[in-house]
Ligand code: GDP
């Protein structure tokens, strides 16, 4: 498919340039292995196979910056990428493992879901979440559970959300409209005056939405949340003391029958 060649605004150009500078920083198996930092962090989340790695690689214009979620040994780690000038990084991206992949041993799945749930609820410098949803599937049960976990931080604007409907090239124009309105209905339920929630279509094949996604993320970083700017520095105690992970994991655990992609 032909890549979209759009007239690119200076803001989009700057945003894309920023994204292209993404570089691998570190990988963490647990929340307390993540660096404690004041840099705003943007998390990429989504079901396995939603197109998360592809979207990250498209943003960064790199073939394998993010690994496909089924790469053995990588599935259960949070991979962090650094953005901004080499000696003065201004943001981090966190690639969280995809959820809902059936062929993962149950105990490992539960353990990991606990870490991920804790990350979304407790990671202090979390600024925004990019939720990747296959546009042909829409919000699944697991995606809704993830939204419910995030909701307390979304409704007061502490964390922003961009829902990205991926693989838009697989839909025709009317299906795309339907996908957008169905997603809008779900998001309307958690919208408040303070919430910053966006929704868009994206195709890595045509690059539809690539500039918009880059611009949205860049804007988050250039316009930090006042809550973070005003908060005291240092890590919250509960970021290293995770004892309620099991409950959080249960919230993300789908009934067995629904776990297949
Ligand atoms: P992840 O598990 O969420 O990281 O998903 P991947 O990025 O590995 O993508 C899953 C599958 O969907 C791969 O076969 C990709 O090539 C495919 N895919 C991802 N994005 C797109 C897209 O925009 N259009 C199409 N047609 N396929 C895509």
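Residue numbers (our numbering): 76 to 336. Glycine included, each C-beta is placed from N, C-alpha and C at the ideal position.
Any non-hydrogen atom of the ligand GDP closer than 8 Å to residue 200 Cβ: Relative to the non-hydrogen atoms of the ligand GDP, the Cβ of residue 200 never comes closer than 8 Å to any of them.
Grouping DSSP H, G and I as helix and E and B as strand, with all else coil, what is residue 122?
Looking at residue 122 - three-state DSSP - the assignment turns out to be strand.
### Alpha-carbon spacing of residue 211 relative to residue 202, whole angstroms
So the two alpha carbons sit approximately 28 Å from each other.
- Rank 161, 162, 185 by C-alpha distance to the C-alpha of residue 172 and give the top, closest one. Nearest of 161, 162, 185 to residue 172, Cα basis: 185.
request  = Would you identify the three-state DSSP class for residue 90, choosing helix, strand or coil?
outcome  = Residue 90 carries a helical assignment under DSSP once its states are collapsed to helix, strand and coil.
Exercise for the section: Starting from residue 103, trace the beta strand (DSSP E) both ways and give me its first and last residue. Expected result: Unbroken beta strand (DSSP E) run through residue 103: 98-103.
Can you say whether residue 95 is buried or exposed, counting buried as having 16 or more other CB atoms within 10 angstroms of its CB? Residue 95 sits exposed, since fewer than 16 C-beta atoms from the chains shown fall within 10 Å of its C-beta.
Exercise. Comparing the CB of residue 244 with every heavy atom of the ligand GDP, is any distance shorter than 8 Å?
Worked result: Residue 244 Cβ: within cutoff of the ligand GDP.
Next item on the list: Kindly confirm or deny that the segment 214-227 and the segment 133-140 touch, where touching means at least three C-beta pairs closer than 8 Å.
Entry: Judged by Cβ distances under 8 Å, the segment 214-227 makes no contact with the segment 133-140, as fewer than three pairs qualify.
Open item on the list: Nearer than 8 Å: is that true of the beta carbon of residue 192 relative to any heavy atom of the ligand GDP?
Closed with: No, the beta carbon of residue 192 sits no closer than 8 Å to any heavy atom of the ligand GDP.
My understanding is that residue 222 touches residue 265, with C-beta atoms under 8 Å, so please give their C-beta distance in whole angstroms. The C-beta distance from residue 222 to residue 265 rounds to 6 Å, short enough to meet the 8 Å contact threshold.
_For residue 174, list the residues DSSP reports as bridge partners._
BP columns for residue 174 point to 122.
Q: Tell me where the beta strand (DSSP E) around residue 155 begins and ends.
A: In the DSSP assignment, residue 155 falls within the beta strand (DSSP E) that extends over 153-158.
query: Which residue's Cα is closest to the Cα of residue 119: 260, 262, 238?
result: When only C-alpha atoms are compared, the closest one is 238.
Considering only their Cβ atoms, is the gap separating residue 114 from residue 164 smaller than 9 Å? Using a Cβ distance threshold of 9 Å, residue 164 and residue 114 count as a contacting pair.
| request: Since I believe residue 246 is in contact with residue 225 (beta carbons under 8 Å), could you give me their beta-carbon distance rounded to a whole number of angstroms? | output: At roughly 26 Å, the Cβ-Cβ gap does not stay under 8 Å, so residue 225 and residue 246 are not in contact.
Three-state secondary structure (DSSP) at residue 235?
Reduced to three states, the DSSP call for residue 235 is strand.
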